[in-house]
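Before any comments, here is the structure.
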Amino acid sequence: MGKAAIFGFCTLLALYCTNAAGHDTYELRDFCVRLTKNNTALIRWFDPMPLRKEKQGYTLYYSKNLDDPLGIWTTVSLGVYPMTTIRDISLGEVYFFKVRVNFWQSDAPGLLSDVHHFKMLNRTKPCYGDAERALNVLRAVATSKSSVEVWWKLQYDPYKVNSIIIFYGTSDLGPWYNKSAGLQNSVELIDLAENTTYFIAVAAKSDSGIRYFVQECSVTVVLEEVPMDPKVTDITADSMVLEWSPPLRLFPKYYKISYDALKDYIDSDGIRQHYALDKTEIVIDHHLTSYELVDLMPYTNYFVNISAVPVDLSYRPAVRVNARTEIGAPGSMQKPTIYGIIHGDNIQVLLPKASEENGPINYYYLVVIPVSDDAESDVPSSMYKTEDLLDNQWFDDEDIDAPYIAAKFSFKIPYAFILGVGVHGGFKNHKLDMHKRYRLFVRAVVVSSQGMLVRDSPYSDYFSVEEKRNYLSHNTHLVTGIPSTF
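Residues -20 to -1, 1 to 466 in mature numbering (1 follows the signal peptide of the UniProt record, and there is no 0) are what the sequence shown lists, from first letter to last.
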């Protein structure tokens, strides 16, 4: 019982144990040496010591002669993860290993482990038995010329495991790279070398240390089981066409397309809106290599995944393409507000702003409609063509009975504007006739590859200078803090 208690104490504290000679040693477990090819071996172990900040890393010592002084053993320096590769080994020879754990802010040598030995045989030897191996799944497939997706189904307690860590490296590389995947069941490795084979291992990180899973796999960065050369063509404001080629080494039962989107724009109140659109999934026949997505939103970033589903319906990763739909017509606006009379015979109006949900606005026109009879009240604003309005801009004041553009603004349309004085954006702001009635609207303009796209605000209320003068006694102040354009 005393022996069991001592072992449990060492494992729990995970700081150091005392060997038979009375010296402090670094106690590691599950030390594993596995050949990856004829002259390279993968070394890894379970470290029961917590991953605290004071741990600097490890030093691996190995030699074919146990009697050699430790100072002449071959060494490999590691980071905080207990895993590395050694090269140029001699097959059939027995190698001896020791591990030293190093700490920050310590001049003394770190704790050294006892000796572990392993005979280098010309075969790949798993670290654990087949019974444990059968519990888990680990696979990897290239998704581009420089990336690989790794996915797994592993047995672990999510209440004790903080993160899954993927280790990967080439067979002739000493240090291994690592990437944390949280508690997800897949991760993408990027910036890999094309046509290069990578070995992949998985570990669980917990408060008590790092423990490796039995499963390992290898993957060559060559596209074989995913759709080839995906691209997006024929993009419009509400559609796009996806094209791809069949996988090289997989005959799909069908293709699956999924897409979602992010929307980011300034609304008509000047507030930035940001939201995600729900994912949509589509299944299409295996003989098709193109598909048109329709009913999309203008000026929206879409993220599209295309995967080839095999006959057994097992998982395969998707290839990804991103595209933004074309700009659409300006969004909706409120109607202009006639605020009151100012500077004698001029009218102050409050101008609306168009929502940029369908794309940014290039500029605005302020269109004034002189009203001569009730028939004109039924004319929709779309009947006033921009080309005709441009022809009317330089009429003399007394002749201006036709609709005209009083001002042109950039995408930063002012909140308040004064009708009847000055030139704005190259357009004459005609003096208003005291006895005439008017109404106005704002036209937002977007310049796109399809030409000019416009959206008009609703008409303002009818107004005249004479009517506003009658109410002057009730409107003696301008809107506090409203900027106006002269």
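Ideal Cβ positions, reconstructed from N, Cα and C, are used throughout, including at glycine.
- Item | Top-ranked residue by Cα proximity to LYS99, from ILE146, CYS12, VAL128, PRO89 | Of ILE146, CYS12, VAL128, PRO89, the residue nearest in Cα terms is CYS12.
- TYR192 and PHE26: beta carbons closer than 8 Å? yes
- With a threshold of 16 other CB atoms inside 10 Å of the CB of ILE262, please say whether the residue is buried or exposed. exposed
- Just to confirm, are PRO310 and VAL434 a CB contact at a threshold of 8 Å? For PRO310 and VAL434, yes; Cβs fall inside 8 Å.
- Chain-order list of residues whose beta-carbon lies under 6 Å from that of ALA382 (same chain, five-residue window excluded): ASN372
- Should the segment 429 to 449 be regarded as contacting the segment 300 to 320, the criterion being three or more beta carbon pairs within less than 8 Å? The segment 429 to 449, when compared against the segment 300 to 320, does touch it at the 8 Å Cβ threshold.
- Item | ILE393 in three-state terms, based on DSSP | ILE393 falls in the coil class under three-state DSSP.
- Task: State yes or no: is the C-beta of VAL60 within less than 8 Å of the C-beta of LEU40?
- Result: no
- Do you know offhand how far GLU446's Cα is from THR317's? 17 Å
- Task: Mark PRO210 as exposed unless 16 or more other C-beta atoms lie within 10 angstroms of its C-beta, in which case mark it buried.
- Result: buried
- Task: For ILE215, name the three-state secondary structure that DSSP assigns.
- Result: coil
- Roughly how many whole angstroms lie between the Cα atoms of MET414 and ILE321? 11 Å
- Message: Let me check understanding here. Comparing Cα to Cα, which of ALA424, ALA396, GLY400 lies closest to TYR345?
- Response: ALA424
- How many angstroms separate the CA atom of ALA1 from the CA atom of ASP94? For ALA1, the pLDDT reaches just 43, beneath the cut-off of 50, and the residue's location in the model is therefore unreliable, although a value from the coordinates is still provided. When rounded, the distance between both Cα atoms is 11 Å.
- Mind reading off the beta-carbon distance from PHE179 to GLU196? Whole number of angstroms is fine, and I expect it under 8 Å. 7 Å
- Query: Between ILE380 and the rest of its own chain, which residues show a CB-CB distance below 6 Å, the 5 nearest in sequence each way excluded?
  - Reply: HIS410
- Query: Excluding the five sequence neighbours on either side, which residues of its own chain have a C-beta within less than 8 Å of the C-beta of LEU101, listed in chain order?
  - Reply: Within the same chain, LEU101 has close Cβ partners LEU15, LEU71, GLY72.
- Query: Does the pairing of the segment 269 to 288 with the segment 231 to 244 give three or more beta-carbon distances under 8 Å?
  - Reply: yes
- Which residues mark the beginning and the end of the alpha helix (DSSP H) in which THR366 is found? Residue range 366 to 371 is occupied by the alpha helix (DSSP H) that includes THR366.
- Message: Distance check for PHE407 and ILE170, CA to CA, integer angstroms please.
- Response: 55 Å
- Message: Within the continuous beta strand (DSSP E) that includes VAL434, where are the two ends?
- Response: 431 to 436
- Query: Excluding five sequence neighbours on each side, which residues of the same chain lie with their C-beta closer than 8 Å to the C-beta of ASP325?
  - Reply: GLY400, LYS411, LEU412, MET414, VAL445
- Query: Where do the ends of the beta strand (DSSP E) carrying ALA309 lie?
  - Reply: Taken as a continuous stretch (DSSP letters only), ALA309 belongs to no beta strand (DSSP E), as it is neither H nor E.
- Sub-8 Å separation of SER238 and VAL274 beta-carbons: no
- Euclidean distance between Cα positions of GLY51 and ARG119: 41 Å
- Query: Smallest Cα separation from GLY162: which of PRO138, THR305, LEU230?
  - Reply: PRO138
- What did DSSP end up calling LYS140 once you bin it into helix, strand or coil? coil
- Under the DSSP definition of a beta bridge, which residues are partnered with VAL201? DSSP output for VAL201 lists no bridge partner at all.
- Item | Contacting residues, own chain, Cβ-Cβ under 7 Å from ASP265 (five flanking each side not counted) | Around ASP265: TYR234.
- Under the rule that 16 or more other beta-carbon atoms within 10 Å means buried, what is LYS448, buried or exposed? buried
- Message: Looking at the strands, I want to know which residues DSSP matches up with ARG419.
- Response: ILE349
- Item | Pick from LEU46, THR64, TYR42, LEU330 that is closest to THR54, judged by C-alpha positions | Selected option, being the one with the closest Cα: TYR42.
- If I'm right that ARG419 touches ILE349 with Cβ under 8 Å, what's the distance once you round it to whole angstroms? 5 Å
- Query: Buried or exposed: which applies to TYR75, given that a residue is buried once 16 or more other Cβ atoms fall within 10 Å of its Cβ?
  - Reply: buried
- Item | Whether ILE146 touches LYS159 by CB criterion (8 Å) | Cβ distance < 8 Å, so ILE146 and LYS159 count as in contact.
- Spatial distance of THR20 from ASN302 (CA atoms): 40 Å
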